[in-house]
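In what follows, a structure is listed as structure tokens, so that the remarks can point back to it.
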Amino acid sequence: MNVAVVGTGYVGLVSGACFAEMGVHVYCVDIDEEKINALNNGKIPIYEPGLEEIVLRNLREGRLKFTTDLKSVIDDVSLVFSAVGTPPDEDGSADLKYVLNVAREFGQAIKHYSVLVTKSTVPVGTAKKVKEVIQQELDKRGENIPFDVASNPEFLKEGAAVKDFLSPDRVVVGVDSEKAKSLMTRLYRPFMMNNFRVIFTDIPSAEMIKYAANSMLATRISFMNDIANLCELVGADVEMVRRGIGADTRIGRKFLYPGCGYGGSCFPKDVKALIKTAQKMGYDMRVLQAVEDVNERQKQLVFEKLNRYYNGDLKGKRVAVWGLAFKPETDDMREATSLVTIDLLLKAGCTVVVFDPVAMDECRRRIGDTVIYAKDMYDAVLDADAMLLLTEWKQFRLPSWGVMKRSMKAPVVIDGRNIYDKEEMDENGFVYHCIGK
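In this text, residue positions in the sequence shown follow my numbering: the first is 32, and each later residue adds one.
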């Protein structure tokens, strides 16, 4: 089976590589010639555990190819996946220009029955617009070529995307024809030989499922952060509260960890887009508006704790930041708490020294030399007045507290992810603050 995947960003590259890993012949298409040349030379533009290995293997074995020209490969494929970006517009709604550009090119190029499958996260109703654009292009050509449009949203976790794709807990596919359903069934059957977990729906429902899933997870995070903030005020321990409510099988334990806010390419963007979709329909998503408000406030919490400790006088303080990526096992800093925290620290007159295992280059790209880049985690805390933990990388979990104590000017740790034990910190002579305790 041959497919094309348009867009070699996070979703497109993982999807293309994983399809190839299961024996599909995949053409990954992108208009960025420099990126395509790099990929053809085995250079991977993003950090994702396991991805480089399968890209290189399938590139070497000929199942994965990279090109800038969709028209040159479209005769060989029956499915074209659209995995281009849908960045938030100024008003928070999803910008569909790249999605519609793919639809336009698809309509200009197809010569036989094909299915355009939207893998990008798009608002409900996008498939209808895509279908209209394709038909317009066919009308311009004077052609009557049959086609279908489908929706196949991704549910990948950054840091575990390859595993998620190769062993999905479910695959959602929105279709409106049996022919498209048959093709998608054939494509996904190898991933689910023992238990076929494809959920077929109508197309609008598939589009909604993606937004609803991410919004639910974001809601759990913001709810727990709100509870954590209240726990501090009333003298409760949020870890005990989390365990107590998570033991209820109706609630469960996942996504109930308090911290300093969520970020990344999905949750912030998708919550905003769903709120905007509702507004266009005359409906007010009050719960999600609160979710977003809580998260924006939470991103300032670590800075506020530090500012309170130093009585509002941070000018001249040297502050170490451990963790720049929005979560471990990725170099993605989109909507990361670190960006908010660093900005607040710099405005307060601090010298900021940062370290992250993989996101240092991404940080340089985003904020340049406004901060000092440490060689390692211990170099970052040298002569520091405080250390702020923002990303719970494994290597940060068991530091040498003796080395830390000798290195720091003041033994102050603000733990934005609750990974340290307060009793241990007290025993080692640290001033320790976390979330919800």
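All C-beta atoms in this analysis are idealised placements derived from N, C-alpha and C, irrespective of residue type, glycine included.
It should be emphasised that the depicted structure is a prediction, and the values quoted were computed from it without experimental measurement.
Whole angstroms is fine: what's the gap from residue i's alpha carbon to residue j's?
| i | j | result |
| --- | --- | --- |
| P154 | T232 | 16 angstroms |
| D363 | A356 | 5 angstroms |
| I165 | Q139 | 8 angstroms |
| K194 | V202 | 14 angstroms |
| Q331 | G290 | 11 angstroms |
| F427 | R448 | 11 angstroms |
| G467 | D416 | 23 angstroms |
| Y409 | V115 | 39 angstroms |
| D392 | A411 | 16 angstroms |
| T149 | K300 | 17 angstroms |
| G399 | Y129 | 28 angstroms |
| Y341 | W432 | 22 angstroms |
| A405 | A390 | 12 angstroms |
| V37 | V111 | 7 angstroms |
| S208 | L214 | 10 angstroms |
| L264 | W424 | 28 angstroms |
| Q310 | K160 | 19 angstroms |
| N68 | E79 | 20 angstroms |
| A515 | E455 | No statement about residue 515 is possible, as the shown extent of the chain runs from 32 to 468 and does not include it. |
| C465 | A249 | 21 angstroms |
| V102 | I77 | Correcting the residue identity first, residue 102 is Lys in this sequence and not Val. So the two alpha carbons sit approximately 26 angstroms from each other. |
| S438 | I403 | 17 angstroms |
| K162 | I306 | 24 angstroms |
In terms of residues, what are the limits of the alpha helix (DSSP H) holding residue i?
| i | result |
| --- | --- |
| R328 | R317 to Q329 |
| N260 | I234 to V265 |
| D392 | M391 to I398 |
| S182 | Here S182 belongs to no alpha helix (DSSP H); instead the beta strand (DSSP E) covers F178 to S182. |
| W432 | W432 to S438 |
| T372 | T368 to K378 |
| R91 | L82 to R91 |
| T149 | Run containing T149: none in the alpha helix (DSSP H); it sits in the beta strand (DSSP E), S145 to T149. |
| V130 | K128 to A140 |
| N338 | L332 to Y340 |
| A48 | Y41 to E52 |
| V272 | V269 to G277 |
| V36 | First-last for V36: N33 to V37, but that is the beta strand (DSSP E), not the alpha helix (DSSP H). |
| Y219 | E209 to Y219 |
| D120 | Per DSSP, D120 belongs to no alpha helix (DSSP H) and is neither H nor E. |
| A192 | A192 to L197 |
| A356 | Neither: A356 is in no alpha helix (DSSP H) and is coded neither H nor E. |
| M456 | K453 to E458 |
Short check: CB of residue i to CB of residue j, under 8 angstroms?
| i | j | result |
| --- | --- | --- |
| P430 | V462 | no |
| G354 | T422 | yes |
| P184 | A304 | no |
| K440 | D414 | yes |
| E359 | G190 | Correcting the residue type first, residue 359 is Pro in the shown sequence and not Glu. Going by C-beta atoms, P359 is nearer than 8 angstroms to G190. |
| V229 | F178 | no |
| S236 | G205 | yes |
| P199 | M53 | no |
| V133 | V34 | no |
| R94 | V55 | yes |
| I75 | V86 | yes |
| V384 | R349 | yes |
| F298 | N256 | no |
| S253 | V322 | yes |
| E366 | G295 | yes |
| G380 | L345 | yes |
| S182 | E238 | yes |
| R317 | F286 | no |
| K336 | I445 | yes |
Give the range of the beta strand (DSSP E) segment to which residue i is assigned.
| i | result |
| --- | --- |
| M418 | A417 to L420 |
| L110 | L110 to S113 |
| V385 | T382 to F386 |
| I445 | V443 to D446 |
| F227 | Run containing F227: none; DSSP gives neither H nor E here. |
| R281 | Counting along the chain, R281 falls outside any beta strand (DSSP E), and DSSP gives it neither H nor E. |
| N175 | First-last for N175: undefined, no H or E at that position. |
| K96 | L95 to T98 |
| G205 | V202 to G205 |
| R349 | R349 to W353 |
| V462 | V462 to H464 |
Could you give the C-beta distance for residue i and residue j, rounded to a whole number, given that I count them as a contact under 8 angstroms?
| i | j | result |
| --- | --- | --- |
| C59 | L44 | 7 angstroms |
| L187 | M32 | Not a contact, Cβ separation roughly 21 angstroms. |
| T382 | L419 | Not really, about 13 angstroms apart at Cβ, beyond 8 angstroms. |
| F227 | C49 | Actually they are not in contact, since the Cβ atoms of F227 and C49 sit about 17 angstroms apart, beyond 8 angstroms. |
| K241 | T117 | That pair is no contact at about 11 angstroms. |
| T39 | E64 | With 8 angstroms as the limit, T39 and E64 do not qualify as a contact, their Cβ atoms being about 11 angstroms apart. |
Would a check of beta-carbon distances place residue i closer than 8 angstroms to chain D?
| i | result |
| --- | --- |
| M255 | Structure shown: chain D not included; a single protein chain is present. |
Going by the C-beta, is residue i closer than 7 angstroms to any heavy atom of the ligand HEM?
| i | result |
| --- | --- |
| L355 | Among the components of this structure there are no ligands whatsoever, and the ligand HEM is therefore not found. |
Unbroken stretches of the alpha helix (DSSP H), 4 residues or longer, contained in the region 292 to 318: 298 to 311
Whole runs of the alpha helix (DSSP H) within the region 54 to 82, excluding any shorter than 4 residues: 64 to 71
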